[in-house]
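Asks: In the UniProt record's numbering, the protein residues as written are 1 to 426.
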Amino acid sequence: MCESLSNSGELSLRWYGTVLPYFCARVYGRFLVLARAAWELCGSGGERVEADYAIGIMAKKQSFSFPILEIKDITSYLLADAGIVLEEQHLVKPTMEAVWPVYENLVVIVMGMTREELHQPAFHVMEKLRYPELHEEFVGNLATIPAIRKLMAVTGVHDFSMMDLFKPESKRTITNLSAIINLLKFKLGKEFASAPVLEKRDRTLALIEQTEERLAALNTEIEAIEADRRAQQPAVQLLETETKELHQEIQVLNKQHGAINTDIRALKQEGVAVADEISAEKFSLLQLKDEQERLKSQIVQSPQKLQRSLAEKKATLISTKASAEESQQLLNFWKDKLEAYSKAEKKLKKLLGMLDEIDKLWIKQKATIKEKKAFKAQVKSIEEEIESLDTELSQLKFQGITLHLHVIERAFSVYVTLLVLMYYLG
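#1: Grab the span of the alpha helix (DSSP H) containing Ile74 for me, first residue to last.
#2: How would you call Asn219, buried or exposed, if buried means at least 16 neighbouring beta carbons within 10 angstroms?
#3: Under 8 Å: do the segment 141 to 158 and the segment 83 to 93 share three or more Cβ pairs, one atom per stretch?
#4: What would DSSP say about Leu86, mapped onto helix, strand or coil?
#5: In the DSSP assignment, the alpha helix (DSSP H) including Ile145 goes from what residue to what residue?
#6: Along the alpha helix (DSSP H) that carries Asp164, what are the first and last residues, could you check?
#7: Within 10 angstroms of the Cβ of Ser327, are there 16 or more other Cβ atoms? Answer buried if so, exposed if not.
#8: Rounded to a whole number of angstroms, what is the C-alpha to C-alpha distance between Pro246 and Glu226?
#9: Near Arg172, which residues of its chain fall below 7 Å by C-beta distance, leaving aside the five closest residues on each side in sequence?
#10: Using DSSP with H/G/I as helix, E/B as strand and the rest coil, what is His257?
#11: By the 10 Å Cβ neighbour count, where 16 or more other Cβ atoms means buried, how is residue 446 classified, buried or exposed?
#12: Please name the residue, chosen from Lys346, Leu78 and Gln378, that lies closest to Glu357 on a Cα-to-Cα basis.
#13: Compute the beta-carbon to beta-carbon distance between Ile382 and Leu361, rounded to the nearest angstrom, for a pair I have assumed lies under 8 Å.
#14: Are there 16 or more other CB atoms within 10 angstroms of the CB of Gly271, so buried, or fewer, so exposed?
#15: Suppose the cutoff is 7 Å on Cβ atoms and the five residues either side in sequence are ignored; what does the same chain contact list for Ala59 look like?
#16: Near Ser170, what residues of its chain come up, given a Cβ to Cβ distance below 8 Å and the 5 sequence neighbours on each side ignored?
#17: To the nearest whole angstrom, what separates the beta carbons of Met111 and Ala147, a pair I think is in contact under 8 Å?
#18: Taking the beta carbon of Asn182 as the centre, do at least 16 other beta carbons fall within 10 Å, making it buried, or is it exposed?
#19: State yes or no: is the C-beta of Leu177 within less than 8 Å of the C-beta of Ile109?
#20: Using three-state DSSP, classify Glu383 as helix, strand or coil.
#21: Note down the Cα distance separating Met113 from Val107, rounded to an integer number of angstroms.
#22: Quick check: what's the CA-CA separation for Lys167 versus Thr211?
#23: Where do the N-terminal and C-terminal ends of the alpha helix (DSSP H) with Ala98 fall, by residue?
#24: Anyone know if the C-beta pair for Ile68 and Thr175 falls short of 8 Å?
#25: Output the distance between the C-alpha atoms of Glu116 and Asn105, rounded to the nearest integer angstrom.
#26: Could you check what DSSP says for Ile68 in three-state terms: helix, strand or coil?
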């Protein structure tokens, strides 16, 4: 019994003398490490002093007034505006476990941060811990403290401290939450007021995007058209050269057409002059016949001489009638030729009209090689027809000149015969 008591006493001495001091040293060491980590996360040394000094200056420059809300108003506003559930008892007797998540949720809502960004641990602090995986959650929670302090500084509460998180008081918690709710209502009001402007901005941006897409599509089409135009440029230049040559040929044909029209007008004038001469000769012949009858009535001759004279006059009259009929036939022949001239002129005008139509068609369809060949063939056909008409016109012109000379010769012969007859009768 005594031996057992002595053993238990030795164990107690060993526990209080060796194990307990070692355990306390380990716990105190870990506490110092965590405290140092929290100090570095929240800002230490000169940075902490500078931050507090800046906040103090800001507090002097800006002072925000906000109403201190009732507990039931705070819980209802948090639920309605932020979707945060907070019991009234947590405001009467606040705890770190109840208040800290509320601050974090308000930071996410008001400052637009994500929870991942809010709980992002400081890796330079984690590296200093002996077992960082054991303290990852605690260090992540400590990382939210600077964001919460920044939010409280924005709301106008510049005396916010870590004690408001680790050991919150009811009065200070109500004040802090009232300030945050006031800022949240102000932000929601601005967002509501700026909603039409933001909607208009979104519509404008969408319209700009559509316009840029349309512009890009048009630029693509323009580039394709330009590439196609550059690819077709040699063929277009060749067609333009051929078109110039064809225009020169058309100008030559137009000159030939003008010359032919001049010749036709001259031949028409000559035909009219010949017709006038024939009419004059017919009129002179009638006058001579009348004069012959008058003279016959005045002359008394022997029957034999009279019969002979009548026979000669009859023969002369028959010859004159034959000459007149021949002249009439020549006149009819000339009229036919003149009509042929007119038809040739109409046909030539029609061909020239076809040339104009072909020229217009060529201007419209100059990019088609097949139509160019058809145009060349048609121009060649028209040129051949013009050459044939030119040959026919030359022949008609020669025949007209010959006819004119023949008519003049016959008229002169008739005139000489009449003169001889008048001399004989006289």
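All C-beta atoms in this analysis are idealised placements derived from N, C-alpha and C, irrespective of residue type, glycine included.
Here the structure is a predicted model, which is why all the values come from computation and not from measurement.
Replies: So, from the listed chains and residues:
#1: Ile71 to Tyr77
#2: By the neighbour-count definition (other C-beta atoms within 10 Å, threshold 16), Asn219 is an exposed residue.
#3: no
#4: coil
#5: Ile145 to Thr155
#6: Met163 to Phe166
#7: buried
#8: The question names Pro, but residue 246 in the sequence shown is Leu. Each residue's alpha carbon lies about 28 Å from the other.
#9: Asp164
#10: helix
#11: Absent from the model: residue 446. The displayed extent of the chain is 1 to 426, so no value can be given.
#12: Among Lys346, Leu78 and Gln378, the Cα nearest to that of Glu357 belongs to Gln378.
#13: Incorrect: roughly 13 Å between the Cβ atoms, too far for contact.
#14: With 16 or more other CB atoms across the displayed protein chains lying within 10 angstroms of its CB, Gly271 is buried.
#15: The pLDDT assigned to Ala59 is 41, lower than 50, so where the model puts this residue is not dependable, and the model offers no usable value.
#16: Leu91, Val92, Lys93 and Pro94
#17: Indeed, because the Cβ distance is near 7 Å, the residues count as touching under 8 Å.
#18: Classification of Asn182: buried, given that the 10 Å Cβ count is 16 or more.
#19: no
#20: Of the three classes helix, strand and coil, the one that applies to Glu383 here is helix, per DSSP.
#21: 7 Å
#22: 59 Å
#23: Met96 to Met111
#24: yes
#25: 12 Å
#26: Coil.
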